[in-house]
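Peer 1: Next up is a structure, given as structure tokens.
Residue numbers (the numbering used here): 42 to 1041.
Listed below in structure tokens is the structure:
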């Protein structure tokens, strides 16, 4: 019957009729005819909305118009011209047909549900928690918070800067130390950064690590420090030889991985006498009850803020914290928020000190940190504000009381509990039961415990534990009922409150932590901060190399799934089958996209990916007995993290010149360096398309040259958005790349993090990928790994569904079209602005750019005293975030529109830039004052614009509403005037400034 209807329907369609008639005469069709008719109906009556058409901004008619404006008839003609022939990918990516958005959610939910959510009391730095719903909805699930960029333009980033300052204040007050940064990637990374700081501080060649640290922390620190040639000693604190004056720092855990709370006061005193720094890995929630590290002599405190309202997420993303004493301020890694003032003397916030120091110091940089965990740090800060100091103490007391109650029950049943003092974790030796029996009973209740090799068992409490959970745990250990265990756990001798470890110092006394406790006030505060920032919900963010594209709602939804969020990273792999399936599918797709053979998801930032890839290369050479191969060649136009990562990997950087006229690698200089260092050549590190925004047509020859001299090629994947579907780095000679999933593959930037930087490698490098001491991602592979780069075995696992979803929604053709439109948008904008601004570099053969272009504004310094920074600030008045400023070429602006921005938005930005050029011309020709003009005074705040004492020599309307499209109803107001960076550097304040108390 169906075949008959479809037969007549097909004929009706051909004759111009488009309605199906169910009463048409029956006609039997062959299967081939049936399929052909079915395809015809599917084409005319599609039942799958096309996600790609919503991800890609320009409409089909706009694409035609834009192509015509730059002299092309089709996207294929454009990409054929733009991409060098030698590297063209000659087929459509072999990725399954795209799903529509509802199909995708149904499928990813089915995958997520393959994960089994057991009650996990494993601990090891990861704990279940309760995410307050106002924070979940208004920050974690809110594009106004997730789609912001790193706050390099502070005047339009005051909201998240204030929130991150709250995070720093939270950390300093709980640890007792004076200075904190605005988060690091995870606890293991923070520990490695701390021990590296110790070495930089006193230049000694040994570090000591307590054997009671979490194993993943030990592994990350060992991996990082051994690359520097630093000896890593692991043992009992009692074994420290304080007569050894070569120990730069010691790393302790408080409470430790077994749950013990120990007194380190004497150890700290001995270290101080010896000039050795003391680093303490600790738990912020525990510090609401425990004496802070600073009070017993710690110089640095690190750890994870995960349990402050951030989901487990199978290992991440989570915000690590890093606090230190004032004397170490200039060595602190990562980003730090500071208080300064604006041009009107008003308090304002900005990134302080080491902002993007890698681009200044390159291979002399103190760290390669490029991505923090801003979004997660903001969640943790809001969690502290939501609960306040008393609320946090209440949560901690409840957790501690649960541990005390469980401890009493275990002891009553005759089990040994090895901790003399503890906060939340018990270290149990069962009596009368084997570990196997305990494990079987735990599995019967769907409970995960930590099982040590010696047969002892760890049990860690968290804020989600209920009375019924304790009863189940007591049953697991064959104990009496909970009612018969203890009447008053707080009064027991093992309570922190009865010990020398009890905290007596106040914390979180600032009004910000004591006033937002009703939901109405809390939501209003979060919204108030959100309204101070520009994000992708307002306008395009045209940052070159940063790829600020659409982060679709559908892609983000799975991040809130319980079956992704409530999985501890160290559960038995049988409980994470959904994650395993998603990893495998995403790996398969990424290998198809890149031409590589294997992907490691462990690196949780682009810089971590660089480091992991370079360590894999170094290990490969060493496996062949070529330990001497340590020279890394890097063009001078490369990302600053490239040379920083190379020196961290134990390599020596040799810079390759860039042709100043074309922006391409100086091939003669490259050949000279390759010949000079042939015997010791480790690798070449390049970005493709180049950092200057062009496809270099000799990339195949460059890769071949390196291979001929025994080196490897590392291709920085930052510009992968210009390659997907058009060319594959694994095909044209690259051996390894990192992929910025927070760029090309749609993970949002989160105001400065999270990110993911997995690496793809060719087959010969697979054995050298990162491993892990708890869950081995290389299981079944011949393992010659260099070590561990992240605390979680799969990095920030819970945001990988975003990239998985993007690929599944786009399909092979959609991904190719996205790349083509990204190239089209960049060339359209470059062409439209060419009469007003010079595009610094174009392909010498085609005149085209890749997916981004550099606007040269350096001449305006001579003609009008206007610099790139003035244009960047002025763009805020037009409602835009600035392009990437003064990089890779000082005094320029680098624009990347991405494929997600439509023609109207591209035109709006171009009109803003043309209008600004008109203002510059007015300065050049004397119509505007050379010192006091709309660019030098930008951005213009609402307060300035409505002030009764406006005294600037241009109309206030010109300052605040400089173009017809800047309207009162859509105006985005900067909340502070131009920042005074010099004042901030001279008066460094990195915690909440004093306020008049305003308690409820």
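Note that beta-carbon positions come from the ideal geometry of N, C-alpha and C, so glycine has one too.
Identify the continuous beta strand (DSSP E) that holds residue 860 and give its terminal residues.
Peer 2: Residue 860 -> not in any beta strand (DSSP E); alpha helix (DSSP H) instead, spanning 841-873.
Peer 1: Please give me, in chain order, every unbroken run of the alpha helix (DSSP H) with length at least 4 that falls completely inside the region 268-322.
Peer 2: Runs found: 306-315.
Peer 1: DSSP on residue 520, reduced to helix/strand/coil?
Peer 2: In the structure shown, residue 520 sits in coil (DSSP, three-state: anything other than H, G, I, E or B).
Peer 1: Evaluate contact between the region 482-490 and the region 153-160, counting only Cβ atoms and requiring at least three cross-stretch pairs below 8 Å.
Peer 2: The region 482-490 is in contact with the region 153-160.
Peer 1: Would you grab the beta carbon distance between residue 917 and residue 980 for me? Rounded to a whole angstrom, and I think it's under 8 Å.
Peer 2: Indeed, because the Cβ distance is near 4 Å, the residues count as touching under 8 Å.
Peer 1: Give, in chain order, every unbroken run of the beta strand (DSSP E) that is at least 3 residues long and sits entirely within the region 668-733.
Peer 2: For the region 668-733, whole beta strand (DSSP E) runs of length 3 or above, ordered along the chain, are 672-676, 693-697 and 722-728.
Peer 1: What is the rounded straight-line gap between the Cα of residue 347 and the Cα of residue 533?
Peer 2: Using only the alpha carbons, I get a separation of about 29 Å.
Peer 1: Looking at residue 588 and residue 164, is the spacing between their C-beta atoms short of 8 Å?
Peer 2: Contact flag unset, no.
Peer 1: If you pair each beta-carbon of the region 859-874 with each one of the region 886-904, do three or more pairs fall below 8 Å?
Peer 2: Yes, the region 859-874 is in contact with the region 886-904.
Peer 1: Among residues of its own chain, excluding the 5 on either side of residue 566, which ones have a beta-carbon nearer than 7 Å to its beta-carbon?
Peer 2: Contacts found: 557.
Peer 1: Among 183, 216, 772 and 222, whose alpha-carbon lies nearest the alpha-carbon of residue 202?
Peer 2: If we check each option's Cα against that of residue 202, 222 comes out closest.
Peer 1: How long is the line joining the alpha carbons of residue 857 and residue 123, rounded to whole angstroms?
Peer 2: Their Cα atoms are separated by approximately 14 Å.
Peer 1: Please name the residue or residues paired with residue 777 in a DSSP beta bridge.
Peer 2: DSSP output for residue 777 lists 755 and 802 as bridge partner(s).
Peer 1: In the DSSP output, which residue or residues are listed as bridge partners for residue 641?
Peer 2: DSSP lists 800 as partners of residue 641.
Peer 1: Can you list, in chain order, the residues of its chain with a C-beta nearer than 7 Å to that of residue 700? Leave out the 5 residues immediately preceding and following it.
Peer 2: Counting only Cβ-Cβ distances below 7 Å, and skipping sequence neighbours, we find 707.
Peer 1: Thinking residue 595 and residue 433 are a contact (beta carbons under 8 Å), I'd like their distance in whole angstroms, please.
Peer 2: So it is not a contact: roughly 36 Å between Cβ atoms.
Peer 1: Residue 169 and residue 505 - do their beta-carbons sit closer together than 8 Å?
Peer 2: Closer than 8 Å, so yes.
Peer 1: Can you tell which of 442, 447, 562 and 518 has the C-alpha that lies nearest to the C-alpha of residue 427?
Peer 2: Taking only the C-alpha atoms, the option nearest residue 427 is 562.
Peer 1: Under a three-way DSSP split, which group does residue 1043 fall into?
Peer 2: The question about residue 1043 has no answer, for the chain in this structure spans 42 to 1041.
Peer 1: Take every Cβ of the region 362-374, pair it with every Cβ of the region 620-628, and state whether three or more of those distances are shorter than 8 Å.
Peer 2: Because the criterion of three Cβ pairs below 8 Å is not met, the region 362-374 and the region 620-628 do not touch.
Peer 1: Once you ignore the five residues that flank residue 1026 on each side, which residues in its own chain have a CB closer than 6 Å to its CB?
Peer 2: Closer than 6 Å at Cβ, skipping near neighbours: no residue.
Peer 1: Taking residue 998 as the reference, give the member of 1014, 990, 336 and 986 with the closest Cα.
Peer 2: Comparing Cα positions, the closest option is 986.
Peer 1: Using the C-alpha atoms, what's the distance from residue 459 back to residue 300?
Peer 2: Cα to Cα, residue 300 sits roughly 9 Å from residue 459.
Peer 1: Just the Cα atoms here: how many angstroms apart are residue 1035 and residue 207?
Peer 2: Each residue's Cα considered, the two are about 12 Å apart.
Peer 1: Since residue 458 sits in a beta bridge, which residues does DSSP pair it with?
Peer 2: 469, per the DSSP bridge assignment.
Peer 1: At what residues does the beta strand (DSSP E) containing residue 501 begin and finish?
Peer 2: 498-501 is the span of the beta strand (DSSP E), which, as asked, contains residue 501.
Peer 1: If you reduce the DSSP assignment to three classes, tell me which class residue 1030 lands in.
Peer 2: Coil, per DSSP.
Peer 1: Going by Cα to Cα distance, which pick from 669, 965, 817 and 218 is closest to residue 334?
Peer 2: Closest by alpha carbon: 218.
Peer 1: Note down, in chain order, each residue of its chain lying with its Cβ closer than 6 Å to the Cβ of residue 693, except the 5 sequence neighbours on either side.
Peer 2: Cβ within range, chain order: 671 and 672.
Peer 1: Report yes if the CB atom of residue 511 is closer than 8 Å to the CB atom of residue 447, and no otherwise.
Peer 2: For residue 511 and residue 447, yes; Cβs fall inside 8 Å.
Peer 1: Give the list of continuous beta strand (DSSP E) stretches no shorter than 3 residues that lie fully inside the region 325-408.
Peer 2: The region 325-408 contains these whole beta strand (DSSP E) runs: 341-345, 361-365, 377-382 and 388-393.
Peer 1: Here's the rule I'm using: 16 or more other beta-carbon atoms within 10 Å means buried, otherwise exposed. How should residue 737 be labelled?
Peer 2: Answer is buried; the Cβ neighbour count reaches 16.
Peer 1: Distance, Cα to Cα, residue 1022 vs residue 687?
Peer 2: About 30 Å.
Peer 1: Helix, strand or coil: which one does DSSP assign to residue 141?
Peer 2: Coil.
Peer 1: Rounded to a whole number of angstroms, what is the C-alpha to C-alpha distance between residue 991 and residue 1000?
Peer 2: Roughly 11 Å between the two C-alpha positions.
Peer 1: Give a yes or no on contact between the region 908-922 and the region 942-960, applying the rule of three or more CB pairs nearer than 8 Å.
Peer 2: Yes, the region 908-922 touches the region 942-960.
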